[in-house]
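Participant:
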Amino acid sequence: MSFTIHTSISAAVYENENVKPRDERRKALLGVRGLRKHHGERLLFDIERIEIATHGAYVLTGVNGAGKSTLLRVLGGLERAEIDSLRFEGQDVLRVHPYPRALRKAIVYVHQHPILFSTSVPHNIGYGLELRRLHKDEIAGRVEAAMAWAGVTHLRDSDPAKLSGGEKQRVALARAKVLQPRLLLLDEPTANLDGQAREQVIELIPTLVEAGSSVVIACHDRDLIGLPGVQRFKLRDGRLEIR
Ligand SMILES: Nc1ncnc2c1ncn2[C@@H]1O[C@H](COP(=O)(O)OP(=O)(O)OP(=O)(O)O)[C@@H](O)[C@H]1O
Ligand SMILES: [Mg+2]
């Protein structure tokens, strides 16, 4: 499935992140030291340190095959790697395989090619909240807000299978946003889009940060790379350059 929904329960711990005081900003959200990924004998990357700040926005660039998607999946806890140490919100995470529940809940990965359930657009967006056992009225309210945010309200009754690439991507972003993640990992969200569809997705990105998430975007898109306040990571020859 394109989008990882984790089955953690209880009300969101981070419900009020968007009203976090300013001095809370720029604190380290996620810090990983000594991160290595092998495929068999091949060392894909060897990263000394990667730090994601609270409310931080980052792009991750690198040539095809550099390991961008793999790095996002590792940071999302979806793929194993060798990790010397990992801190999340100031706490050492001792067991990283699998990620503890709090991390699974806090970090959401959005695949480059979102796959939607064939049910309906609102069901796709609300499904993760159902798994978290939120009250159905709460789910309905959050889904409405997310559809409005993503500009997909008019697609409420559309067949998810028949949406365009840009519409699917916006539904996938809404599906991630309703979970109010602390960290969103977006894998090439504009790669298959052009024109207005691409611009609509780019416009949503800063609002995710404003709403309280840190965002890491794997991409080649110059307009995403050029968004104000975005820091750049580049994977080159297995090393992470921080720009
Ligand atoms: N399970 C696997 N076994 C062996 N090699 C793999 C496996 N998964 C990925 N790779 C290799 O790891 C490398 C990095 O792949 P990855 O998809 O992370 O790159 P990427 O930077 O996202 O590329 P792109 O820009 O094309 O999306 C590629 O050479 C890929 O073939
Ligand atoms: Mg990739």
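Take the sequence shown: its letter number 193 is residue 969 in the numbering used here, and every next letter is one higher.
Even for Gly, the Cβ is constructed at its ideal location relative to N, Cα and C.
My assumption, with CB atoms under 8 Å, is that ARG1019 sits in contact with SER989. Please give the rounded CB distance.
Facilitator: Here residue 1019 is taken as the residue at index 243 of the sequence shown, counted from 1. Here residue 989 is taken as the residue at index 213 of the sequence shown, counted from 1. With a Cβ gap of about 22 Å, ARG1019 and SER989 do not count as contacting.
Participant: Just reading off the alpha helix (DSSP H) that HIS899 is part of, what are its end residues?
Facilitator: Here residue 899 corresponds to residue number 123 of the sequence shown, with the count starting at 1. Taken as a continuous stretch (DSSP letters only), the alpha helix (DSSP H) holding HIS899 covers 897 to 907.
Participant: Can you tell me which residues form a DSSP beta bridge with ILE993?
Facilitator: The residue you call residue 993 lines up with position 217 of the sequence shown. ILE993 is bridged to VAL835 and LEU962.
Participant: On the criterion of 16 or more Cβ atoms from any shown chain inside 10 Å, does HIS873 qualify as buried, or is it exposed?
Facilitator: Here residue 873 is taken as the residue at index 97 of the sequence shown, counted from 1. Exposed.
Participant: Which runs of the beta strand (DSSP E), 3 residues or longer, sit entirely within the region 858 to 887?
Facilitator: Fully enclosed beta strand (DSSP E) runs of 3 or longer: 858 to 864 and 883 to 886.
Participant: Go through the region 804 to 832 residue by residue and report every complete run of the alpha helix (DSSP H) that reaches 4 residues or more, in order.
Facilitator: Here no run is fully enclosed.
Participant: Drop a sphere of 10 angstroms on the beta-carbon of HIS887, count the other beta-carbons inside from all chains shown, and report buried for 16 or more, exposed for fewer.
Facilitator: On the sequence shown, residue 887 is found 111 positions in, with the first residue counted as 1. The residue in question, HIS887, is buried, as its Cβ has 16 or more Cβ neighbours within 10 Å.
Participant: Counting C-beta neighbours from all protein chains within 10 Å, is the total for ASN840 16 or more, i.e. buried, or is it exposed?
Facilitator: Walking along the sequence shown from the start, residue 840 turns up at place 64. Answer is exposed; the Cβ neighbour count stays below 16.
Participant: Using CA atoms only, rank isn't needed, just tell me which of GLU865, LEU870 and GLY866 is closest to ILE859.
Facilitator: Walking along the sequence shown from the start, residue 859 turns up at place 83. Considering only alpha carbons, the answer is LEU870.
Participant: Hey, is HIS815 close to ligand 1, as in C-beta under 6 Å from one of its heavy atoms?
Facilitator: Against the sequence shown, residue 815 aligns to sequence position 39. Checking every heavy atom of ligand 1 against the Cβ of HIS815, one is found closer than 6 Å.
Participant: Short of 6 Å in beta carbon distance, which residues of its chain neighbour PHE893, apart from the five on each side in sequence? Order them along the chain.
Facilitator: Taking the first residue of the sequence shown as position 1, residue 893 is located at position 117. Excluding sequence neighbours, PHE893 sits near ASN900.
Participant: Indicate whether VAL954 and LEU907 have their beta-carbon atoms separated by less than 7 Å.
Facilitator: Residue numbering aside, residue 954 sits at position 178 when the sequence shown is read from its first letter. Residue numbering aside, residue 907 sits at position 131 when the sequence shown is read from its first letter. Not in contact: VAL954 and LEU907 (Cβ atoms no closer than 7 Å).
Participant: Shortest alpha-carbon distance to ARG1012 belongs to which of LEU836, LEU969 and VAL808?
Facilitator: Here residue 1012 is taken as the residue at index 236 of the sequence shown, counted from 1. Answer by Cα proximity: LEU836.
Participant: Around ligand 1, which residues pass a check of Cβ closer than 6 Å to any of its heavy atoms?
Facilitator: Going along the chain, the residues that qualify are HIS815, LEU820, GLY838, ASN840, GLY841, ALA842, GLY843, LYS844, SER845 and THR846.
Participant: Assign ALA937 to one of two classes, buried (16 or more other C-beta atoms within 10 Å of its C-beta) or exposed (fewer than that).
Facilitator: By 1-based counting over the sequence shown, the position of residue 937 is 161. With fewer than 16 Cβ atoms within 10 Å of its Cβ, ALA937 is classed as exposed.
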